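Take a look at the structure below.
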Ligand SMILES: NC(=O)c1ccc[n+]([C@@H]2O[C@H](COP(=O)([O-])OP(=O)(O)OC[C@H]3O[C@@H](n4cnc5c(N)ncnc54)[C@H](O)[C@@H]3O)[C@@H](O)[C@H]2O)c1
């Protein structure tokens, strides 16, 4: 993947203190970008952002994107050429606790970033990150295409579907003339990878159980989900930004960056994969593993939502690189090694490894 275009480019990442934003910032740093970020403070001392100290390699702005003046000040100070917008309230469960705050951050906050782009002549390309949940979920088995209608039942999904409409409106109203910023949106599903400590997510729960040596209780071990490593969509976002710079009119639209259909596996198999990895690393360590606590009368789970990724595969020449075993191994390796190590170097090693695999599998 030739990403030399980012060298010396002024790039603003919103959400840089978060899980995906920190990995993206580390990647852009290795590519030689002149980086800045706008986010709230990191959540825990163990976040990738904190452990990697990537904040020392960038202009690290802390502020709330719900406040337009804060956003405009950062654009004014940084004059970025490329924007990656990832700042969001990203959890469905939290959106039920705070629907108004979720809409304010995800929908209004996105409008504020777009206003920053509109008022800043230096911006040439922007990738606005939403989610696979932005589509109206029709509970069908086919992959959703970029042309399918936006929707969203819970407040998180609706806030992102609404953000997509706001992005499309700004694009049509303000960015369609040649020479204006090229603005695309990127839709990806749940990802796993080193340094995610969010509540109510399987991998962080596995790691907490492993570190505390308690048995992990899994309510739906048979439930199937797609499993994708965080570097897969991030590679897609970078490739998309590169194309936006090179041919703005052809790429300023919505893009899916989901996994391949065969990456769908049961939750229990993922937990097995992690504990097997840790057992191989530390054969003498006692490990409680996981146990099935499913009950016959538990609530029905929403159907699987898959993305159709044909467009990104054909037009961007992007496709997922890692198979299921490698996705687990990359993630488990990070958690097995992060304590007491140089985390920036660990992330860079994984990035190099990933890019080598990308080269050998995507460019032959
Ligand atoms: N992680 C996933 O599996 C996943 C799946 C689909 C889409 N996404 C999307 O990717 C993006 C990044 O997700 P993540 O998993 O890294 O989330 P995260 O919670 O780890 O990070 C969120 C980031 O947004 C910032 N932020 C939140 N509210 C803010 C506000 N009001 N003002 C300024 N900054 C604010 C946080 O400080 C943090 O830097 C989000 O847009 C999310 O919706 C994530």
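In the numbering used here, the protein residues as written are 17 to 380.
Glycine included, every Cβ here is placed at the ideal spot set by N, Cα and C.
Values in this document were obtained by computation on a predicted structure and should not be read as measured data.
Legend entry - DSSP three-state assignment for residue 381, whether helix, strand or coil: Limits of the chain in this structure are 17 at one end and 380 at the other, which puts residue 381 out of reach.
Legend entry - residue 118 burial status per 10 Å Cβ neighbour count (16 or more: buried): It is buried - the Cβ of residue 118 has at least 16 other Cβ atoms within 10 Å.
Inset, instruction - Consider the C-beta atom of residue 35 and the heavy atoms of ligand 1; say whether any pair is separated by less than 7 angstroms. - result: Within the cutoff, so yes.
Legend entry - 7 angstroms CB neighbourhood of residue 177 in its chain, flanking five on each side removed: Correct list, in chain order: 150, 166, 167 and 168.
Legend entry - As assigned by DSSP and simplified to three states, the class of residue 97: Here residue 97 sits in coil by DSSP.
Inset, instruction - Rounded to whole angstroms, what's the CA-CA distance from residue 329 to residue 263? Just pull it up for me. - result: Cα-Cα distance, rounded: 17 angstroms.
Inset, instruction - With a cut-off of 8 angstroms on the beta carbons, I'd call residue 91 and residue 136 a contact; round off their distance for me. - result: Rounded, the Cβ-Cβ distance is 4 angstroms, consistent with contact.
Legend entry - Same chain, Cβ closer than 6 angstroms to residue 244, neighbours up to 5 away in sequence not counted: Cβ contact annotation for residue 244 (same chain, cutoff 6 angstroms, sequence separation greater than five): 207 and 275, in chain order.
Inset, instruction - Round the Cβ separation of residue 70 and residue 25 to the nearest angstrom and send it over; I've been treating them as touching at under 8 angstroms. - result: At roughly 17 angstroms, the Cβ-Cβ gap does not stay under 8 angstroms, so residue 70 and residue 25 are not in contact.
Inset, instruction - Would you check if the stretch 229 to 241 and the stretch 357 to 368 touch, i.e. whether three or more CB-CB distances between them fall below 8 angstroms? - result: Counting Cβ pairs under 8 angstroms, fewer than three are found: no touch.
Inset, instruction - Run the CB neighbour count on residue 189, radius 10 Å, all protein chains shown included, and call it buried at 16 or more, exposed below. - result: By the neighbour-count rule (16 or more Cβ atoms within 10 Å), residue 189 is not buried but exposed.
Inset, instruction - Compute the Euclidean distance between the alpha carbons of residue 270 and residue 202, then round it to the nearest angstrom. - result: Residue 270 and residue 202: Cα-Cα distance of roughly 6 angstroms.
Legend entry - DSSP state of residue 141 mapped onto helix, strand, coil: Correct three-state label for residue 141: strand.
Inset, instruction - Would you tell me roughly how many angstroms separate the C-alpha atoms of residue 215 and residue 194, rounded to the nearest one? - result: The C-alpha of residue 215 lies about 44 angstroms from the C-alpha of residue 194.
Inset, instruction - Starting from the C-beta of residue 327, find all residues in its chain whose C-beta is less than 7 angstroms away, skip the five residues before and the five after it, and write them out in chain order. - result: Correct list, in chain order: 162, 271 and 272.
Inset, instruction - Indicate the three-state DSSP secondary structure (helix, strand or coil) for residue 359 in the structure shown. - result: In this structure, residue 359 counts as helix in the three-state DSSP scheme.
Inset, instruction - Note down, in chain order, each residue of its chain lying with its Cβ closer than 6 angstroms to the Cβ of residue 59, except the 5 sequence neighbours on either side. - result: Hits under 6 angstroms: none found.
Inset, instruction - Buried or exposed for residue 297, please, with buried defined as at least 16 other CB atoms from any protein chain shown within 10 angstroms of its CB. - result: Exposed, because fewer than 16 other Cβ atoms sit within 10 Å of the Cβ of residue 297.
Inset, instruction - Could you please give the first and the last residue of the uninterrupted alpha helix (DSSP H) stretch that includes residue 61? - result: Counted as a single uninterrupted DSSP element, the stretch harbouring residue 61 is not any alpha helix (DSSP H), since DSSP gives it neither H nor E.
Legend entry - Residue range of the beta strand (DSSP E) that includes residue 75: It spans 75 to 78 - the beta strand (DSSP E) in which residue 75 sits, taken as one unbroken run.
Inset, instruction - Assign residue 354 to one of three DSSP states: helix, strand, or coil. - result: Per DSSP, reduced to three states, the secondary structure at residue 354 is coil, with no helix or strand assignment.
Inset, instruction - Using a Cβ cut-off of 8 angstroms (strictly closer), state whether residue 57 contacts chain B. - result: Considering every chain present, this structure includes no chain B. It has just one protein chain.
Legend entry - First through last residue of the alpha helix (DSSP H) which encompasses residue 111: For residue 111, the uninterrupted alpha helix (DSSP H) segment begins and ends at 108 to 113.
Inset, instruction - Would you mind working out which of 125, 108 and 223 sits nearest residue 84, comparing C-alpha positions? - result: Residue 84 has its Cα closest to that of 125, out of 125, 108 and 223.
Inset, instruction - Output the distance between the C-alpha atoms of residue 75 and residue 29, rounded to the nearest integer angstrom. - result: Residue 75 and residue 29 have their C-alpha atoms some 10 angstroms from each other.
Inset, instruction - Indicate, with yes or no, if ligand 1 has a heavy atom lying under 7 angstroms from the CB of residue 32. - result: At least one heavy atom of ligand 1 is nearer than 7 angstroms to the Cβ of residue 32, so yes.
Inset, instruction - In the DSSP assignment, find the alpha helix (DSSP H) that holds residue 266 and state where it starts and stops. - result: Residue range 264 to 267 is occupied by the alpha helix (DSSP H) that includes residue 266.
Inset, instruction - May I have the straight-line CA-CA distance separating residue 34 from residue 63, to the nearest angstrom? - result: Rounded to whole angstroms, residue 34 and residue 63 show a C-alpha spacing of 8 angstroms.
Legend entry - Same chain, Cβ closer than 6 angstroms to residue 138, neighbours up to 5 away in sequence not counted: 95 and 97, listed in sequence order.
Legend entry - beta strand (DSSP E) runs wholly inside the stretch 255 to 309, at least 3 long, in chain order: Secondary structure within the stretch 255 to 309: the beta strand (DSSP E) runs of 3 or more consecutive residues, fully enclosed, are 270 to 272, 280 to 282 and 306 to 308 (chain order).
Legend entry - Pairwise C-alpha distance: residue 93 and residue 86: Near 11 angstroms, if we compare the C-alpha coordinates of residue 93 and residue 86.
Inset, instruction - Taking 8 angstroms as the cut-off, decide whether the C-beta atoms of residue 205 and residue 323 are in contact. - result: It is a contact, given that the beta carbons lie within the stated cut-off.
Legend entry - Pair within 8 angstroms by beta-carbon distance, residue 127 and residue 182: It is a contact, given that the beta carbons lie within the stated cut-off.
Inset, instruction - List the whole-angstrom C-beta distance separating residue 250 from residue 40, where the pair is believed to meet the contact cut-off of C-beta under 8 angstroms. - result: Contact holds; Cβ gap of about 5 angstroms.
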